[in-house]
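Student: Protein chains in written order, with this note's numbering: chain A, 20 to 487; chain B, 210 to 305.
Note that beta-carbon positions come from the ideal geometry of N, C-alpha and C, so glycine has one too.
Quick one: structure below, then a few questions.
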């Protein structure tokens, strides 16, 4: 039987490092009885400013605030679009003394123009951070790779033009949506996905912005952080009834390949579908494109017009990977939004079912970016879902049991991230365990969430431990 | 009055700063805001600082050039904002 021990000699058990020289995490029995320590869900760092050199960042240009984890330095990396033009990053380390992140100086990624759809990921093979965005004078798609130093500065390689924009194609790059790049952590290749103006959807009413989702594989030269690219390849086929299809990418560490979700739907309207993306001699190859088939559910609605959903178009974290069950968890848009699960076994994509799990936290979407996110906490094996209810930003915690079986842990007592209906827009957070290879955690068992306070254009974050 | 950082090659203005903002432009990079922001792409070989400039009404980097007077690339700005309206992204506000 288990014994729930809250305190030892008046000290919260979670704060006790050792008992008689033994780390508490290693203690499984006391007096021959199983020890079950319960840890309540809690904010390690409550909703607060992303900072630079001790000052709040308050110059975001209403764009995504996305982040990744540097497992080499045990840093987090946060990037955002700058109100004066271009994009900026800051690098931070957790300070256990005040349970806060100490960020370094702003590091300019791009000096001018828009920084739309900005996405990032960390490459543990080459120890590099990858950034990509749509900007320049004509909506060009760019990528850049940098090395993070121990002083939280970044040495960037030359900006790489991945796809020319309007001046060349009379059409705009689109559909880079905050979760548009993922690194293969076995060989350091990065897959970038977006809607390519060279591959427009025939017959669409918005020809300049309506394109099929494409992918391209990028390689960094670690001598100077320069980037080379393979060929651009269509990975999902859209239709003229849905002008702005969505595509997002994650790396599947168990099958050592990429997985994408999309709503492109080759026949008509919008869908939810997933595909494996393999590296075919340096170019992406989409296989096993498999639709969910749950009536009424899509990722963002047709023409991204959904007003109720988990993330919609402009909140980045539409899906996550539950490594405890080898299941990808996808948030839908619908009158009653749900989570759905699918598995990738390296040969097939298999949706667990079409019943899914209704979401109880805030699900209000808006075209300017209101929406939540889905993330998996690898320390606690919990799914975290958040969003706006038009009053505040609330979070629900769930576990997935496989076979479309779900358990909500707090549907009746949601956790408030911030009492502000627009306090956490366009969030994009690390999808990996915040832990170094030697087992050193970034901030205990907490996950990092980053997002935008829309009304003040402030970059915000919190660290949250979903508990045992 | 303001202080600007601009590219030498085409007079593209990267930042408009207050006149008392301390800018440290070197051969390897540039910092401003008391060292709070650093760009490795802005260097003495490619950029220069001009002081005593009257700032435009609404500045956004990428659309303004400055030689002895300001110029705004309205074609590029309008093209971006047309696209932004289509996919419901925030418009870029810039004005001489």
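#1: Could you have a look at residue 165 of chain A and say whether DSSP puts it in helix, strand or coil?
#2: Where do the ends of the alpha helix (DSSP H) carrying residue 292 of chain B lie?
#3: Quick one: is residue 455 of chain A near chain B, going by C-beta distance under 7 Å?
#4: What is the DSSP secondary structure of residue 464 of chain A, reduced to helix, strand or coil?
#5: Quick one, are the C-beta atoms of residue 193 of chain A and residue 214 of chain A less than 7 Å apart?
#6: Of all Cβ atoms in chain A, is any one closer than 7 Å to the Cβ of residue 292 of chain B?
#7: According to DSSP, is residue 217 of chain A helix, strand or coil?
#8: What's the C-alpha gap between residue 39 of chain A and residue 49 of chain A?
#9: With a CB to CB cut of under 8 Å and the five nearest residues on each side skipped, what residues in its chain are close to residue 225 of chain A?
#10: Just to confirm, are residue 265 of chain A and residue 210 of chain A a CB contact at a threshold of 7 Å?
#11: Give the DSSP-derived three-state secondary structure of residue 97 of chain A in the structure shown.
#12: Give me the Cα-Cα distance between residue 380 of chain A and residue 430 of chain A, rounded to the nearest whole angstrom.
#13: Determine the chain A residues that contact residue 251 of chain B at a beta-carbon separation under 9 Å, and present them in chain order.
#14: So, residue 156 of chain A versus residue 285 of chain B, is the Cβ gap smaller than 7 Å?
#15: Does the region 453-469 of chain A come close enough to the region 478-485 of chain A that 3 or more CB-CB pairs lie under 8 Å?
#16: With distances taken between CB atoms, is the gap from residue 436 of chain A to residue 66 of chain A smaller than 7 Å?
#17: In the region 39-86 of chain A, which residue ranges form an unbroken beta strand (DSSP E) of at least 3 residues, counting only runs that do not cross its ends?
#18: Does any C-beta atom of chain B lie closer than 7 Å to the C-beta of residue 103 of chain A?
#19: Determine the burial state of residue 344 of chain A: buried for a count of at least 16 other Cβ atoms within 10 Å of its Cβ, exposed for fewer.
#20: Would DSSP call residue 329 of chain A helix, strand or coil?
#21: Which runs of the alpha helix (DSSP H), 4 residues or longer, sit entirely within the region 306-378 of chain A?
#22: What residue range does the alpha helix (DSSP H) around residue 186 of chain A cover?
#23: Tell me whether residue 184 of chain A is buried or exposed, calling it buried when 16 or more other Cβ atoms sit within 10 Å of its Cβ.
Tutor: Once the coordinates are examined:
#1: strand
#2: 283-296
#3: no
#4: strand
#5: yes
#6: yes
#7: strand
#8: 12 Å
#9: 262 and 263
#10: no
#11: strand
#12: 7 Å
#13: 127 and 130
#14: yes
#15: yes
#16: yes
#17: 52-55 and 61-68
#18: yes
#19: buried
#20: coil
#21: none
#22: 185-188
#23: buried
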